[in-house]
Ligand code: HEM
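In this note's numbering, the protein residues as written are 78 to 341.
(1) Report all residues from its chain with a CB closer than 6 Å to the CB of residue 168; omit the five preceding and five following residues, and keep chain order.
(2) Run the proximity test for residue 176: is its beta-carbon closer than 8 Å to any non-hydrogen atom belonging to the ligand FMN?
(3) On the three-state DSSP scale, how would you describe residue 224?
(4) Hey, residue 240 and residue 290 are a contact pair by Cβ (cut 8 Å); roughly how many whole angstroms apart?
(5) Restricting to Cα atoms, I'd like to know which of 296, 277, 293, 228 is closest to residue 337.
(6) DSSP state of residue 265, grouped into three classes?
(7) Which two residues bound the contiguous alpha helix (DSSP H) that contains residue 184?
(8) Quick one: using the 10 Å Cβ neighbour count with 16 as the cut-off for buried, is residue 176 buried or exposed?
(9) Which same chain residues, not among the five before or five after residue 170, have their C-beta less than 6 Å away from its C-beta?
(10) Return the chain-ordered list of same chain residues with a C-beta closer than 6 Å to the C-beta of residue 216, the five sequence neighbours on each side being excluded.
(11) Does the distance between the C-beta of residue 145 and the nearest non-hydrogen atom of the ligand HEM fall short of 8 Å?
(12) Going by DSSP in three states, residue 210 sits in which element: helix, strand or coil?
(13) Identify the continuous alpha helix (DSSP H) that holds residue 334 and give its terminal residues.
(14) May I ask whether a heavy atom of the ligand HEM can be found less than 8 Å away from the beta carbon of residue 219?
(15) Quick check: residue 285 and residue 253, are their CB atoms within less than 9 Å of each other?
(16) Mark residue 301 as exposed unless 16 or more other C-beta atoms lie within 10 angstroms of its C-beta, in which case mark it buried.
(17) Using a threshold of 8 Å, is the CB atom of residue 246 nearer than that to any non-hydrogen atom of the ligand HEM?
(18) Check whether the Cβ of residue 214 sits closer than 8 Å to any heavy atom of the ligand HEM, and report yes or no.
(19) What is the DSSP secondary structure of residue 164, counted as helix, strand or coil?
(20) Taking 8 Å as the cut-off, is the C-beta of residue 173 nearer than that to any heavy atom in the ligand HEM?
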């Protein structure tokens, strides 16, 4: 049986979209959908309040950021995975997936304009954040280890040195993340705010170093050899570099805002 009616935005009740049937039972249907049937969501059953203008702007920025991350990730994966199996540069694939894709998404987990976490409570956002960061770290580190096994001379370029620095600070950042996760339990020793600020700072440094390394990866011989012919033209490389800078800016304004203006 199909139900006939329309979806309307209800500004009076908490529910944002309700279904009204094309029949005389309309009032009951409306009442049912807003009160007795809870809104089912992926994270929790809390219904979010209406979006503010700033949230709408943040939503657009987050969307743009995802499109840009998707563009670089898909391009670099396509560039690498179209090669013969023995020539696939797994370092480039894994580092891009781990550091660029998952870590940026992890940073955005707390964003008010993030449509995926709109209906999540703070603990759920925190869980999503650490899971994405941990997966990103494991995948990215695997990519670096693969490269270290293949190279004879280590850390001899700016890209490599920045990658090494990323690796070192990443461990500190993961440890500080643990401290931040158990901030309440540790409050007799360290103030939770201090703990969380420390994690915010180390996390930001890790992400900055990773994005710098990513930026300089477009100058490596590997990128020049395997990328489209267009990459030999400065324009395309410049485009990817500019996109990396924009992704960095759009992914870090949240933690930076927390650091300078509000409680974490
Ligand atoms: C954020 C992402 C990345 C990080 C953290 C990273 C990290 C590193 C590190 C630590 C090394 C040094 C390995 C060694 O010398 O033993 C390295 C080398 C290298 N990476 Fe990456 N990498 C990233 C992304 C990429 C991408 C996307 C490409 C290719 C397009 C790439 C291409 C290379 C090449 C060709 C080398 C060897 C030459 C050199 O050291 O510059 N990397 N990378």
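Where a beta carbon is used, it is the ideal one built from N, C-alpha and C, also for glycine.
Reading from the atomic positions:
(1) Position 91 of the chain shown, counted from the start, is the residue given in the question as residue 168. Once the five neighbours on either side are set aside, the close Cβ partners of residue 168 are 220, 223, 224.
(2) For the ligand FMN, the structure offers nothing, since it holds only the ligand HEM.
(3) Within the chain shown, residue 224 is the residue found at index 147, counting from 1. Here residue 224 sits in helix by DSSP.
(4) Taking the first residue of the chain shown as position 1, residue 240 is located at position 163. Taking the first residue of the chain shown as position 1, residue 290 is located at position 213. Cβ atoms of residue 240 and residue 290 come within 8 Å of each other, at about 4 Å.
(5) Along the chain shown, one-based indexing puts residue 337 at 260. Closest by alpha carbon: 277.
(6) Looking up residue 265 in the chain shown gives position 188. In this structure, residue 265 counts as coil in the three-state DSSP scheme.
(7) Residue mapping note: residue 184 aligns to position 107 of the chain shown, counting from 1. First-last of the alpha helix (DSSP H) with residue 184: 180 to 184.
(8) Here the question's residue 176 lines up with position 99 in the chain shown. Classification for residue 176: buried.
(9) The residue given as residue 170 occupies position 93 in the chain shown. Answer for residue 170: 154, 157, listed in chain order.
(10) Along the chain shown, read from residue 1 onward, the residue named residue 216 stands at position 139. 171, 174, 175.
(11) Start at 1 with the first residue of the chain shown, and residue 145 comes out as number 68. For the ligand HEM, not one heavy atom lies less than 8 Å from the Cβ of residue 145.
(12) Taking the first residue of the chain shown as position 1, residue 210 is located at position 133. Note: residue 210 maps to helix in three-state DSSP.
(13) Counted from its first residue, the chain shown places residue 334 at position 257. Counting along the chain, the alpha helix (DSSP H) containing residue 334 begins and ends at 311 to 338.
(14) Against the chain shown, residue 219 aligns to sequence position 142. Residue 219 Cβ: outside cutoff for every heavy atom of the ligand HEM.
(15) Position 208 of the chain shown, counted from the start, is the residue given in the question as residue 285. Position 176 of the chain shown, counted from the start, is the residue given in the question as residue 253. Contact flag unset, no.
(16) The sequence position of residue 301 within the chain shown is 224, counting from 1. Classification for residue 301: exposed.
(17) Locating residue 246 in the chain shown gives position 169, counting from the first residue. Flag unset: Cβ of residue 246 not near the ligand HEM.
(18) Taking the first residue of the chain shown as 1, we reach residue 214 at position 137. Flag unset: Cβ of residue 214 not near the ligand HEM.
(19) Locating residue 164 in the chain shown gives position 87, counting from the first residue. Three-state result, residue 164: helix.
(20) Here residue 173 refers to the residue found at position 96 of the chain shown. The answer is yes for residue 173.
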